[in-house]
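For what it's worth, my numbering labels the leading residue of the sequence shown as 33, then goes sequentially. Note that CB positions come from ideal geometry on N, CA and C, so glycine has one too. These figures come from a predicted structure and were not determined experimentally. One structure is given below, encoded as structure tokens.
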Amino acid sequence: MRIEKNYDLSGQNTFRMKVKCACYIEYESVEELAGIDFDSLPKPIKHIGGGSNLLFKGDFPGTILHSAIKFIKYVDMGLDEVPVIVGSGVKWDDLVAELCGHGLWGAENLSLIPGEVGAAAVQNIGAYGVEFKDLVSGVSCYDLKERCKCKFTAPECRYGYRESMFKEAEDRYIITSVLLRVSRTAGPRLGYKGLEGIDSSTPAKVREAVIAIRRTKLPDPEELGSAGSFFKNPVVSALDFTRIVDAAQGATVPHYILDGGFIKVPAAWMIDQCGFKGEREGGAAVYEKQPLVIVNASGEATPDDVLELERRIIAGVHERFGVSLHPEVEHIG
Ligand SMILES: Cc1cc2nc3c(=O)[nH]c(=O)nc-3n(C[C@H](O)[C@H](O)[C@H](O)COP(=O)(O)OP(=O)(O)OC[C@H]3O[C@@H](n4cnc5c(N)ncnc54)[C@H](O)[C@@H]3O)c2cc1C
């Protein structure tokens with residue numbers, strides 16, 4: 033177990049915010065985690081993964097926990113549906129690469145999503161028509177409230193669009209491992225725009241295609257700091273949608289009709305229509321290729337730069353379209 037005081041978190045968040053926490057603890061097993069004297073730690077306590085969906089608003093006065101539980105265990109490779117148990121500290125994309133390398137189907141569309149396996153189970157990550165919930169059978173946790181190990185079946189995790197019971201429980205459960213099911217039977221899912229016509233003879237081929245598409249659209253966190261999509265796509269009523277159409281002044285409004293008559297409008301389109309593409313605030317900027325992403329353009333952006341740009345975008349979109357955008361990136365501190 034590694035314990036550090038006054039720890040620099042700039043390498044632990046993909047926005048590369050230069051912030052510190054009072055205490056940082058990295059554990060390597062469930063036993064080490066269960067042995068921590070939580071009562072004696074600086075509060076609040078927050079668990080992080082790769083820090084790719086987080087914005088630290090400043091120095092964190094409490095304790096940051098991080099899992100280094102790293103194993104991938106194939107329960108029975110002889111089955112068609114192969115059960116795989118994976119430690120929460122494994123990098124998500126390392127897992128996908130390994131599964132694809134074994135010719136196992138299921139995770140290939142989720143290639144190149146930053147972050148770790150524990151957070152994937154919290155976030156219900158998704159891309160190209162596939163979500164984490166399509167693979168998971170169960171999640172093992174440590175309950176910080178009751179101070180004991182516990183397990184949840186997939187239905188008990190109540191997965192929805194980037195939602196889960198773990199988010200609702202607000203940091204009560206620390207995920208230690210997940211049980212996934214992947215398949216030997218070919219099952220490419222190519223319905224999503226951009227994947228039509230690709231070579232889908234193996235999961236590795238689909239992975240290659242997904243990676244190539246993603247590289248054209250999203251910044252590589254190794255090269256340009258960001259936390260991916262900064263805002264959620266708003267879901268509006270039919271009446272609000274007519275107001276958006278009026279405000280669009282003749283431009284075609286992209287939209288997706290959802291159950292119950294609600295309509296999802298891409299936040300990226302609204303931000304673009306308001307002229308924010310490339311907009312800067314201090315060292316932060318709206319990404320030129322995808323206005324849903326705020327980047328640390330200078331490498332020296334501060335949390336306040338990002339927060340001010342966020343505030344201006346929310347105000348601008350509200351003034352033009354009457355819609356309130358909400359951040360997808362979790363704000364900490
Ligand atoms: C360039 C880029 C592209 C992205 N593309 C996508 C995409 O296509 N689809 C998508 O869904 N997301 C995407 N994301 C967002 C992000 O990668 C996911 O949300 C990812 O799951 C976050 O993983 P992480 O390990 O970095 O978690 P963090 O950001 O560190 O944490 C996220 C949340 O999980 C909690 N958490 C982390 N680990 C644990 C644990 N072991 N136990 C309990 N709680 C835990 C944290 O407390 C926090 O609430 C993208 C991000 C970037 C930067």
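Where residue i falls: helix, strand or coil (DSSP)
i: Asn141; result: helix
i: Thr274; result: helix
i: Phe263; result: strand
i: Cys132; result: helix
i: Thr185; result: strand
i: Leu127; result: helix
i: Ile230; result: coil
i: Pro359; result: strand
i: Val338; result: helix
i: Pro348; result: According to the sequence as given, residue 348 is Gly; it is not Pro. Correct three-state label for Gly348: helix.
i: Asp166; result: helix
i: Ala152; result: helix
i: Ala218; result: coil
i: Ser269; result: coil
Sub-9 Å separation of residue i and residue j beta-carbons
i: Leu127; j: Phe92; result: no
i: Leu59; j: Leu97; result: Reading off the sequence, residue 59 comes out as Tyr, not Leu. A contact, by the Cβ cut-off of 9 Å.
i: Ser208; j: Val62; result: Correcting the residue identity first, residue 208 is Thr in this sequence and not Ser. Yes, these two residues count as a Cβ contact at 9 Å.
i: Gly147; j: Gly81; result: yes
i: Phe262; j: Val349; result: no
i: Gly150; j: Ile206; result: yes
i: Ala279; j: Gly354; result: yes
i: His184; j: Gly161; result: It is worth fixing the name first, because residue 184 is Phe in this sequence and not His. Taking 9 Å as the Cβ cut-off, Phe184 and Gly161 do not qualify as a contacting pair.
i: Pro251; j: Val238; result: no
i: Val51; j: Gly260; result: no
i: Ser120; j: Ser143; result: no
i: Val297; j: Phe273; result: yes
i: Gly94; j: Cys53; result: yes
Residue i classed as buried or exposed, judged by whether at least 16 other C-beta atoms fall within 10 angstroms
i: Cys180; result: exposed
i: Arg48; result: buried
i: Leu167; result: buried
i: Lys75; result: exposed
i: Gln165; result: The sequence as given places Lys at residue 165; Gln does not occur at that position. Result: buried.
i: Ser356; result: exposed
i: Gln44; result: buried
i: Ala317; result: buried
i: Cys182; result: exposed
i: Asn265; result: buried
i: Gly282; result: exposed
i: Phe367; result: The question about residue 367 has no answer here: the residues shown for the chain are numbered 33 through 365.
i: Ala244; result: exposed
i: Thr46; result: buried
i: His79; result: buried
i: Thr284; result: exposed
Any non-hydrogen atom of ligand 2 within 8 Å of residue i CB
i: Gly192; result: As for ligand 2, it is missing from this structure, which binds only ligand 1.
Take every Cβ of the region 65-78, pair it with every Cβ of the region 173-191, and state whether three or more of those distances are shorter than 8 Å.
As far as the Cβ criterion goes, the region 65-78 touches the region 173-191, which means the pair count is three or higher.
Beta strand (DSSP E) runs wholly inside the region 54-118, at least 3 long, in chain order
77-80, 86-88, 92-99, 104-106
Pairing CB atoms from the region 260-275 with CB atoms from the region 226-236, are three or more of them under 8 Å?
By the Cβ criterion, the region 260-275 is not in contact with the region 226-236, since fewer than three pairs of Cβ atoms, one from each stretch, lie closer than 8 Å.
Taking 8 Å as the threshold, find out whether the region 310-317 comes into contact with the region 335-345 through three or more Cβ pairs.
Yes, they touch.
Segment contact, 8 Å Cβ cut-off, at least three pairs: the region 247-262 with the region 323-334:
Contact holds: three or more Cβ-Cβ distances are below 8 Å.
Would you call the region 212-220 and the region 118-138 in contact, with 3 or more CB pairs under 8 Å?
The region 212-220, when compared against the region 118-138, does touch it at the 8 Å Cβ threshold.
Check whether the region 97-114 touches the region 153-161, taking contact to mean three or more Cβ pairs, one atom from each stretch, closer than 8 Å.
no
Should the region 296-304 be regarded as contacting the region 217-231, the criterion being three or more beta carbon pairs within less than 8 Å?
no
4 or more residues per run - each alpha helix (DSSP H) lying fully within the region 283-334:
299-305
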